[in-house]
Amino acid sequence: MKIYDMDKKKYLTIQKFDNPTRKVEQLSDVLYHFENDIFKIIYDKSQPALVKYINSLDQDMLKQDDFQFLYFTSGTTGTPTGVYKTKQNSLKQSKALMKTLGDMKFKRVVTTVPFVHIYGVDIGGVMPLDLDLDVYTKENFLPEELAVEAQVEGTLIVTTPIFIKALNRIKKDVKFTNSLFLTATAPVPIEDAKEFKEHYDCSVMQLFASTETGLMGYKQDDESILNTYEGVSIGEDDGMLNISSPLVTQQIIKDKKLQDVIQPFQTEDIVEILDEHRFKLIGRSSNLAKIAGKRISTQQIENIIEMIDGIKSVLIKIKMDDRALKDEILNIYIEGDIELKGKMLREILKEHFGSINIPFKLHNHKKILRNSIGKKIGFE
C-alpha cells in the first residue's frame, strides 16, 4: 500500500509526523502508528474548545494498554466523549465492510475526508492498508476533480453526502460505471442517491456507524432499509437502537472518567426494526447537528450563546434542507435584552469550533418556553 499526495503529485511513505497538519500527513502518521502497534490519540486539533478539553484531562488516564486508538467525538451535551478502539476493531470492520461489496474489485482508493475521526481512519486508511490498495488524497477536492478520479476503473471513493449533491448539481457528462462511492456522516436523501445512480451509472453505499459502535448498517442507492453487517446484532429499547458486535468499543472517557462499556450498547437513534438483520432509521433522540462532517451539539451552542451579557435563554432547532449542500441549518431562537448579530456570533463560534462554517439563522426577541421541570420546549 502506498499514499499518493495529489497536491504534490508524488508518493509519500508511511512515516511518523510530530505535528501532522495536512491530510496526507495525517494518513501517513496514523498508519505508521497502526502498523507499529503504537497507541495514538486522534482528534481534530482545529477545534479550540476540543483541544482545551483534552488538555484538561488526566494525561496518565488517556493511554490504556491493549488499545490502538483513542478518538474524541462530541457527546449529546457538547462534552466530548473519548472512545478507545483496538487494532482488531479496525481490522474486523474492514473485513465486515468488504463482505458487503460482493464481487467488486478495486485498484485504488480516493478519499476526500480528513483522518481525524474513525470514518476517515478506518475506512479511508486501515481498510486500504488491509487490502493493499493505494490511497489518493489531497487537501481540498473540487467536485470536478473528484469526477475525473471517479472515472478511473476500479476506484473506491470515500467521501461525504456533500460531494454526492455537488456532483448532481454539476452533472458532468461522464460515467463512473466501474467505481463505487462510500459515504457517511449523514444520510443521502433518496432522491439524491437515485439521481446520482441514474446520471453517473454508479452506486452510492451509505454507511451507518458511530465512533462508539463502529459500523452498524448500510444501504445502497435509493434503498430505505439498512442491513446489518456480519456479526452485528440489533435490538431496541423504548424505540431506540442498541447494538452488540465485535466492533463496539470496550472503554470510553465520559465526564472525565474512564468507563467500561457494557453490550448491548444503547444508541440514541430512533429506529423501526424489521427483522434481526434489517431496520429503518427514523431519526435521532438527541440534538446533534452534522456540520462539515463533524457532530456539533446544539446544547453546547446554546450554552455558549447564553454566556453573552444580555441574553437570557436560547433554543436551537435543526432544520433539514435536502436541496442545500450542507443539509443541516440551525434556527437559533434568542430571548434577551439585546439583538445578537450574525457577525458577532460567527466570531464567538470560531473561538470554540475553529474554522467550521456553521449555517444558522437568528431569531431575536423570542420568549423561550419551559415545562414544569425547566426543560426548554418551544418559543413564542
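Numbering (the numbering used here), first residue to last: 26 to 405. By construction, the Cβ of each residue, glycine as well, lies at the ideal position given by its N, Cα and C atoms. Quick caveat, the model's predicted, so the values are computed rather than measured.
Here's a check: name, in chain order, each residue in its chain whose Cβ is nearer than 7 Å to the Cβ of Leu87, leaving out the five neighbours to either side. Excluding sequence neighbours, Leu87 sits near Ile66 and Leu95.
Flag this pair as yes or no: are the beta carbons of Val183 and Ile148 separated by less than 7 Å? Contact flag set, yes.
Status (buried if at least 16 other CB within 10 Å, exposed otherwise) for Ile307: Exposed, since its Cβ has fewer than 16 Cβ neighbours within 10 Å.
By Cβ distance below 8 Å, which residues in the same chain neighbour Leu374 in space, the five residues on each side in sequence not counted? The answer, listed in chain order, is Ile326, Ile329, Ile381 and Ile383.
By a C-beta neighbour count over all protein chains shown, 10 Å radius and 16 as the cutoff for buried, is Asp217 buried or exposed? Flag for Asp217 reads buried.
Spatially closest choice to Lys124 from Met332, Gly256, Asp285 and Arg133, by CA coordinates: Taking only the C-alpha atoms, the option nearest Lys124 is Gly256.
Please state whether DSSP places Asp294 in a helix, a strand or coil. Assignment of Asp294 by DSSP, reduced to helix, strand and coil, places it in the strand class.
In this structure, how does DSSP classify Lys120 when only helix, strand and coil are distinguished? In the three-state DSSP reduction, Lys120 falls in the helix class (H, G or I).
Please work out which residues of its chain come closer than 8 Å, Cβ to Cβ, to Gly179, disregarding the five sequence neighbours upstream and downstream, and give them in chain order. Closer than 8 Å at Cβ, skipping near neighbours: Lys130, Phe131, Lys132, Arg133, Asn203 and Ser204.
Specify whether the segment 228-244 and the segment 110-123 touch according to this definition: at least 3 beta carbon pairs, one from each stretch, less than 8 Å apart. Between the segment 228-244 and the segment 110-123, the count of C-beta pairs closer than 8 Å reaches three or more; the two stretches touch.
Where Lys279 and Gly367 are concerned, what is the direct C-alpha to C-alpha distance, given to the nearest angstrom? In a straight line, the C-alpha of Lys279 is about 33 Å away from that of Gly367.
Going by other Cβ atoms of all chains shown within 10 Å of its Cβ, with 16 needed for buried, is Tyr225 buried or exposed? With 16 or more other Cβ atoms within 10 Å, it is buried.
Over what stretch of residues does the beta strand (DSSP E) that includes Asp285 continue unbroken? Unbroken beta strand (DSSP E) run through Asp285: Lys282 to Asp285.
Label Val173 either buried or exposed according to how many other C-beta atoms from any shown protein chain fall within 10 Å of its C-beta, with 16 as the threshold for buried. Only exposed fits Val173, as fewer than 16 other CB atoms lie within 10 angstroms of its CB.
Going straight from the alpha carbon of Ile359 to that of Val339, what length do you get? Those two C-alpha atoms are separated by around 5 Å.
Any 3 or more C-beta pairs closer than 8 Å across the segment 42-56 and the segment 133-143: Segments in contact, yes.
With distance defined between alpha-carbon atoms, name the residue in Ser322, Glu261, Val273 and Val286 nearest to His302. Relative to His302, the option among Ser322, Glu261, Val273 and Val286 whose CA is nearest is Glu261.
Note down, in chain order, each residue of its chain lying with its Cβ closer than 6 Å to the Cβ of Ser270, except the 5 sequence neighbours on either side. Cβ within range, chain order: Gly256 and Val257.
Going by beta carbon distance, what residues of the same chain come within less than 6 Å of Asp43, once the five residues before and after it are set aside? If you ignore the 5 residues before and after Asp43, its C-beta comes within less than 6 Å of no other C-beta in its own chain.
Rounded distance between the beta-carbons of Phe64 and Asp92, thought under 8 Å: For the record, residue 92 in the displayed sequence is Phe; it is not Asp. Right, the Cβ-Cβ distance comes to about 6 Å (below 8 Å), so this counts as a contact.
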